[in-house]
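Peer 1: Protein chains in written order, with the numbering used here: chain A, 1 to 210; chain B, 1001 to 1210; chain C, 2001 to 2210; chain D, 3001 to 3210. Okay, here's the structure, questions in a sec.
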DNA sequence: AATGAATGAGAATTCATTCAT
DNA sequence: AATGAATGAATTCTCATTCAT
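Here is the structure:
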């Protein structure tokens, strides 16, 4: 039994699982120490593995950081894709699900938010970070704008500008996430959700309640 | 003679001016290289001064960073204080001035935005950074809420919740700043201002135009 | 069936063949990357085998390097032994064959020359390397001196000092090899051979032509 | 006194002197440990300085090594230049001086020879090393060939081929240096000089004695 | 006998800080 | 007050070696 347990812990893990394990440790460490202070030693210790393991699986620290950002981006995006392509949902339901998702436990996990904003803070000096997210950001904006446009016609909202609403909602969500990260005692997830809903209610009063 | 020569040299600059010179260099360098990559050498080179100068004036790198954050915070805050305490402005005018200020050249200078978000990204791991801003953030929120409350009564906006509006506006501004920082080609300052105004117009339609 | 499959696999190769395969890869890699930069990974990759194989067959990197030097030394020596002990050759023919051999394709293979000089360069700090060659160097010198002494009496060359000629020829050959290694475009094998012959012609003009 | 000594040892040394100090330590360390085993720590310890000093003065280990090779090359070359351009010497005297120089204490210092051959051994894989020496090697060969050509006409040596003699002498000198490096007990400097002279005597018997 | 993921000691390099000038 | 060469702790990365499979 002991042997089996041992072999399970060190050898029989797939390369992909080991990479994920390291990415998880990286997320935790960035949240704890900050992007400018995390060391490889922090990460490997957190993962319970040896010093050299990161270079074995990711070649360099920089590549590990990039893969970590990509992991979080992909995770966020895939959640939204499922919602957008769900044939059972009406337009309004999709929007509601989108917002619910934006303020769900998975997304507003403070460790992940810390990673998000750590990377945003470095974006100006490291365009690579932006390029990782650029595509999905554009995609999500396009999907959301489309949903707003559909709801505009479905609900007869002549004054709504779907693009403006999308930009405004997106910025609002970003700002609320920042609030959730930096003032966890000030703003609760539920409140953040309510704030987002409050804005949507100003645009589509027949479909959403503040 | 020696004194004259002396005063003409670099030594003639006051300690305060030297500190500001270094803070300015720090802002530029954080924007260019990112908080996690700036070195003291970058900063002193940018300032055209010698290696050891930062330790002379700020004791340590960490203290220089803190003073830099404080400098930007104070600068932002003092601009808003002037607006809030301007006896010549009506409530609506103060709000307009506030928003105009939030998206003015001084504030949305990309170097300064980069510094802002660099620090936000480290906030979770370095509460000191947050503590520098906490007071002024609370103050500004309090002022803004008060303005919204006044306008609510002045304008007969029964449904407006001043606190909610303040939280929403603040988050929206944060999110728009992030957009201005990371996608400078996507969102222009003027548009960001319009988005903010669009939100205020939903709350106070008689006073603001989308 | 399993046995057949087995024998067809990599395991069917004898340990000795595996060792030679690794030594060949080592020669190639030292030539390509330099003794100070070759890694075990380079060598095993070049050999198309797995990481751990060297330690299995040679215990350590150092031992592989020593065996590689020994391989090249033995190869060189055995060629000369054949010539020296060839009963069909006259003294002069043996000397000619020796020189021809010294500048033949087998010996002046640039990969092998690179290995030779890589080891010579480390000799002062690693006397082991020297000790591997010391015996055969002494043997060859002894044989060559003997040949020169025989030719001196056979040809009536009163002024020739066989030992001096041997030292001079040996140094000359070393120097020409170095030239062939470092300036392959400057000195061609045929020219190097001519230079060596030119020297021998000064000592034994009746037997060798410049 | 102690203070003066201290300041002299650490601060008042010029950058150039510090670089030379490090190069000298590098020569000693390469000789002692071999090019493939020297570490920066060996070098800085040998120089009695701190870890970071090499990167301060040479940026990287590789550059230090290159500068070390260049130092030895320049040193050798400048000695020969002086001889070649000495107006007081006849052609034969210049050649004699050249050879005397080639086997003088300065040149056949075993530490420096070890460095020479350490680099030659890496030449195939690092063309940079060769490029550092290429120019001066060509220059020296050109000078020496010219001297041999002059002596040929001065002394009426119809059969001498100056270029061939130059190639042969140069290779011989290289080979003798290698001997001096690897078998210090076998070949003495004086003997090596004699061997070189022996060869020249075969070409210019009226001017040189074996 | 062979593999290759994992290890961890050791190397080069970086950089905040110090201090003689 | 200012300089900048020097320091040395800390960090990333390398790579020979091990060992479960």
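Think of the CB as a built atom: it goes at the ideal place given N, C-alpha and C, for glycine as much as any other residue.
One question on the structure: do residue 3054 of chain D and residue 3064 of chain D come within less than 8 angstroms of each other, judged by their Cβ atoms?
Peer 2: yes
Peer 1: Three or more beta-carbon pairs under 8 angstroms between the stretch 1160-1176 of chain B and the stretch 103-113 of chain A, yes or no?
Peer 2: no
Peer 1: Leaving out the 5 sequence neighbours to the left and right, which residues in its chain are closer than 6 angstroms to residue 2163 of chain C when beta-carbon positions are compared?
Peer 2: In its chain, beyond the 5 residues on either side, 2145 have a beta carbon closer than 6 angstroms to the beta carbon of residue 2163 of chain C.
Peer 1: Report the three-state DSSP secondary structure of residue 3002 of chain D (helix, strand or coil).
Peer 2: Unreliable placement is indicated for residue 3002 of chain D, whose pLDDT of 36 sits below 50; the coordinate value is still reported in the next sentence. Reduced to three states, the DSSP call for residue 3002 of chain D is helix.
Peer 1: Beta-carbon within less than 8 angstroms of residue 3058 of chain D's beta-carbon, same chain only, minus the 5 sequence neighbours each way: which residues are those?
Peer 2: Same-chain partners within the cutoff: 3019, 3022, 3064 and 3067.
Peer 1: Count the other C-beta atoms from every protein chain shown that fall within 10 angstroms of the C-beta of residue 1026 of chain B, then say buried if there are 16 or more, exposed otherwise.
Peer 2: Buried: at least 16 other Cβ atoms inside 10 Å.
Peer 1: Name the chain A residues whose beta carbon is nearer than 8 angstroms to that of residue 1033 of chain B?
Peer 2: 125
Peer 1: Quick one: list the residues of chain A neighbouring residue 1025 of chain B, beta-carbon separation under 7 angstroms, in chain order.
Peer 2: Near residue 1025 of chain B there are no residues of chain A at all, since even the closest Cβ is about 15 angstroms away, more than 7 angstroms.
Peer 1: Quick one: residues in its chain with C-beta nearer than 7 angstroms to the C-beta of residue 1091 of chain B, no 5 flanking neighbours on either side, listed in chain order?
Peer 2: 1147, 1150, 1151 and 1154
Peer 1: Which first and last residues belong to the alpha helix (DSSP H) in which residue 194 of chain A is found?
Peer 2: Counting along the chain, the alpha helix (DSSP H) containing residue 194 of chain A begins and ends at 189-203.
Peer 1: Is residue 1179 of chain B closer than 8 angstroms to residue 1192 of chain B when the C-beta atoms are compared?
Peer 2: yes
Peer 1: Quick one: give me the first and last residue of the alpha helix (DSSP H) that residue 1071 of chain B is part of.
Peer 2: Looking at the DSSP string, the run of the alpha helix (DSSP H) that includes residue 1071 of chain B is 1061-1084.
Peer 1: Among D:3116, D:3189, D:3097 and D:3143, whose alpha-carbon lies nearest the alpha-carbon of residue 3031 of chain D?
Peer 2: Ranking D:3116, D:3189, D:3097 and D:3143 by Cα distance to residue 3031 of chain D puts D:3116 first.
Peer 1: Suppose you measure from the CA of residue 1186 of chain B to the CA of residue 2041 of chain C; what does that come to, to the nearest Å?
Peer 2: 48 angstroms
Peer 1: Compute the distance between the beta-carbons of residue 3124 of chain D and residue 2181 of chain C, then report whether it is under 8 angstroms.
Peer 2: yes
Peer 1: Any beta carbon of chain D sitting closer than 8 angstroms to that of residue 2199 of chain C?
Peer 2: yes
Peer 1: Can you find the residues in the same chain that come closer than 6 angstroms, C-beta to C-beta, to residue 1119 of chain B, ignoring five residues on each side of it along the sequence?
Peer 2: 1069 and 1129
Peer 1: What in chain B is Cβ-close to residue 110 of chain A, meaning under 8 angstroms?
Peer 2: 1124
Peer 1: Return the Cβ separation of residue 1077 of chain B and residue 1140 of chain B in integer angstroms, given the expectation that the two are a contact with Cβ distance under 8 angstroms.
Peer 2: Cβ atoms of residue 1077 of chain B and residue 1140 of chain B come within 8 angstroms of each other, at about 7 angstroms.
Peer 1: Determine, using beta carbons only, whether residue 1036 of chain B and residue 122 of chain A come nearer to each other than 8 angstroms.
Peer 2: In this structure, residue 1036 of chain B places its C-beta atom within 8 angstroms of the C-beta atom of residue 122 of chain A.
Peer 1: What does a CB cutoff of less than 6 angstroms around residue 1095 of chain B pick up in its chain, not counting 5 residues either side in sequence?
Peer 2: Cβ-Cβ distances below 6 angstroms link residue 1095 of chain B to 1147 in the same chain, with the five nearest sequence neighbours on each side left out; the list follows chain order.
Peer 1: Under 9 angstroms between beta-carbons, which chain C residues line up against residue 3139 of chain D? List them in chain order, please.
Peer 2: Under the 9 angstroms cutoff, chain C gives no residues; its nearest Cβ is about 14 angstroms from residue 3139 of chain D.
Peer 1: Could you check which residue in B:1073, B:1175, B:1097 and B:1173 has the C-alpha nearest to that of residue 1136 of chain B?
Peer 2: B:1073
Peer 1: Using only CA atoms, which one of D:3161, D:3188, D:3033 and D:3184 lies nearest to residue 3200 of chain D?
Peer 2: D:3161
Peer 1: Would you decide whether residue 3175 of chain D is buried or exposed? Buried here means 16 or more other CB atoms lie within 10 Å of its CB.
Peer 2: buried
Peer 1: DSSP state of residue 51 of chain A, grouped into three classes?
Peer 2: coil
Peer 1: For residue 2046 of chain C, which of C:2060, C:2056, C:2052 and C:2029 has the nearest alpha-carbon?
Peer 2: C:2029
Peer 1: Who are the Cβ neighbours of residue 2051 of chain C in its own chain at under 6 angstroms, not counting the five residues just before and after it?
Peer 2: 2044
Peer 1: Are the C-beta of residue 2121 of chain C and some C-beta of chain D separated by less than 8 angstroms?
Peer 2: yes
Peer 1: Take residue 3183 of chain D as the anchor and find which of C:2127, C:2101, C:2103 and C:2034 has the nearest alpha-carbon.
Peer 2: C:2127
Peer 1: Tell me whether residue 3203 of chain D is buried or exposed, calling it buried when 16 or more other Cβ atoms sit within 10 Å of its Cβ.
Peer 2: So residue 3203 of chain D counts as buried.
Peer 1: Would you tell me roughly how many angstroms separate the C-alpha atoms of residue 2056 of chain C and residue 2024 of chain C, rounded to the nearest one?
Peer 2: Going from the Cα of residue 2056 of chain C to the Cα of residue 2024 of chain C covers about 17 angstroms.
Peer 1: Going along chain C in order, which residues have a C-beta closer than 8 angstroms to the C-beta of residue 3069 of chain D?
Peer 2: Those do not exist, as residue 3069 of chain D stays about 12 angstroms from chain C at its closest Cβ, beyond 8 angstroms.
Peer 1: So is residue 1165 of chain B buried or exposed if we call it buried at 16+ other beta carbons inside 10 Å?
Peer 2: buried
Peer 1: Under 8 angstroms, Cβ to Cβ, is there at least one residue of chain C near residue 3174 of chain D?
Peer 2: yes
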